[in-house]
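Visitor: Quick one: the structure is below, questions incoming.
In the working numbering, the protein residues as written are 56 to 386.
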């Protein structure tokens with residue numbers, strides 16, 4: 056594996072994928088850059104808004120929202136730095152730029168996995184141990200958990216430099232990269248995914264059990280049980296859609312991203328392209344797009360659906376409208 060191709064997650068392949076004539080897909084490349092740039096803007100706006108709301112609204116500075124703030128910082132860094140670094144690597148095609156890009160992207164990807172897993176555990180404890188939640192999820196414990204997520208993500212991404220900067224032969228580097236990518240995929244993607252599915256399934260079952268108990272009490276007390284049953288089914292449907300959406304974002308945004316790293320290593324190892332160059336180019340573009348899309352979906356699915364954030368967002372919007380109205384009247 057050449058030093059320029061050490062970005063084993065395939066990000067640099069936007070540039071490296073060539074046509075049979077050796078010419079680059081200029082139109083696809085430009086289209087991808089424009090797509091990434093627009094996505095980056097929305098990522099920065101959405102996550103900056105979360106941080107701004109928490110900073111301005113004291114009642115949003117809860118223990119639970121501390122995780123959302125940390126996740127918003129991670130996603131904000133994706134929009135501010137990760138996306139531009141992918142574009143820079145594809146344009147400059149310099150080994151040091153692409154290596155820095157790969158390390159930075161992996162760092163933020165590991166961080167996203169850790170934050171999403173912590174959020175699922177937080178919801179599980181909140182639902183299954185509602186009364187003990189304040190004593191279990193304390194601010195000090197949460198700060199330690201978040202610090203562990205950031206330091207683990209940093210260590211697992213920076214450890215690549217141990218072999219990237221070593222004078223190993225190309226074949227040895229490929230085998231090390233393959234083992235590293237398989238380890239990351241199994242322990243940091245597949246295992247958290249199965250645990251998250253189990254946790255969200257347990258949460259849904261528990262919420263449904265509580266709803267059935269409430270429905271039974273309501274039906275015994277009055278005759279409006281049909282209305283309550285309809286609302287209960289609607290709430291269950293919303294919760295199910297939310298949980299399925301979060302798992303889908305995890306799969307399309309993170310699982311395929313890390314899986315592609317293994318595919319890229321195997322292509323290097325056996326010197327045989329699994330996909331034709333044209334298909335590979337398009338595939339990598341969309342894999343990276345969905346990876347970055349998670350940084351936009353996270354604030355939507357994890358934050359803006361919460362009632363306290365919705366109220367703060369509406370209040371913030373009204374404040375902006377009032378300010379604009381006053382400024383226009385002065386003019």
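Ideal Cβ placement from N, Cα and C applies to all residues, glycine included.
1) According to DSSP, simplified to helix, strand and coil, what is residue 192?
2) How long is the line joining the alpha carbons of residue 248 and residue 131, rounded to whole angstroms?
3) Nearest chain C C-beta to residue 375 closer than 8 angstroms, yes or no?
4) Going by beta-carbon coordinates alone, are residue 237 and residue 317 separated by less than 8 angstroms?
5) Look at the alpha carbon of residue 178 and the alpha carbon of residue 298, and state the distance between them as a whole number of angstroms.
6) For my contact list, residue 347 and residue 89 are in at a C-beta cut-off of 8 angstroms; report their separation, rounded to the angstrom.
7) Measure the alpha-carbon distance for residue 376 versus residue 93 and round it to whole angstroms.
8) Please tell me whether residue 201 and residue 122 are closer than 8 angstroms, where the distance is taken between their beta carbons.
9) Among 331, 213, 129, 319, which has the Cα closest to the Cα of residue 352?
10) Going by other Cβ atoms of all chains shown within 10 Å of its Cβ, with 16 needed for buried, is residue 327 buried or exposed?
11) Going by DSSP, what residue range makes up the alpha helix (DSSP H) through residue 322?
12) I think residue 175 touches residue 91, with their Cβ atoms under 8 angstroms apart; what is that distance to the nearest whole Å?
13) I need the straight-line Cα distance from residue 125 to residue 170, nearest angstrom please.
14) Measuring straight from C-alpha to C-alpha, what distance separates residue 108 and residue 116?
15) Measuring only the C-alpha atoms, how far is residue 164 from residue 221?
16) What is the residue span of the alpha helix (DSSP H) that residue 169 lies within?
17) How would you call residue 134, buried or exposed, if buried means at least 16 neighbouring beta carbons within 10 angstroms?
18) Can the beta-carbon of residue 158 be found closer than 8 angstroms to that of residue 212?
19) Spatial neighbours of residue 184 within its chain, please: CB distance less than 7 angstroms, with the 5 preceding and 5 following residues excluded, ordered by chain position.
20) Between which residues of its own chain and residue 252 is the CB-CB distance below 7 angstroms, once the five residues before and five after are set aside?
21) Counting only the same chain and skipping the five closest in sequence on each side, list residues whose C-beta sits under 7 angstroms from that of residue 182.
22) Does the count of Cβ pairs from the stretch 229 to 243 and the stretch 150 to 157 closer than 8 angstroms reach three?
23) Contact check, residue 308 vs residue 345 under 8 angstroms by CB: the rounded distance?
24) Quick one: residues in its chain with C-beta nearer than 6 angstroms to the C-beta of residue 105, no 5 flanking neighbours on either side, listed in chain order?
25) Taking DSSP as the reference, what is the three-state secondary structure of residue 373?
26) Which residue's Cα is closest to the Cα of residue 324: 111, 228, 243, 264?
Guide: On the basis of the data shown:
1) coil
2) 23 angstroms
3) Among the chains in the structure shown there is no chain C, since it carries only a single protein chain.
4) yes
5) 11 angstroms
6) About 13 angstroms separates the two Cβ atoms, so there is no contact after all.
7) 25 angstroms
8) yes
9) 129
10) exposed
11) 311 to 325
12) Residue 175 to residue 91, Cβ: 28 angstroms. No contact.
13) 8 angstroms
14) 9 angstroms
15) 25 angstroms
16) 150 to 183
17) buried
18) yes
19) 191
20) 302
21) 258, 261, 262
22) no
23) 5 angstroms
24) 127, 354, 358
25) helix
26) 228
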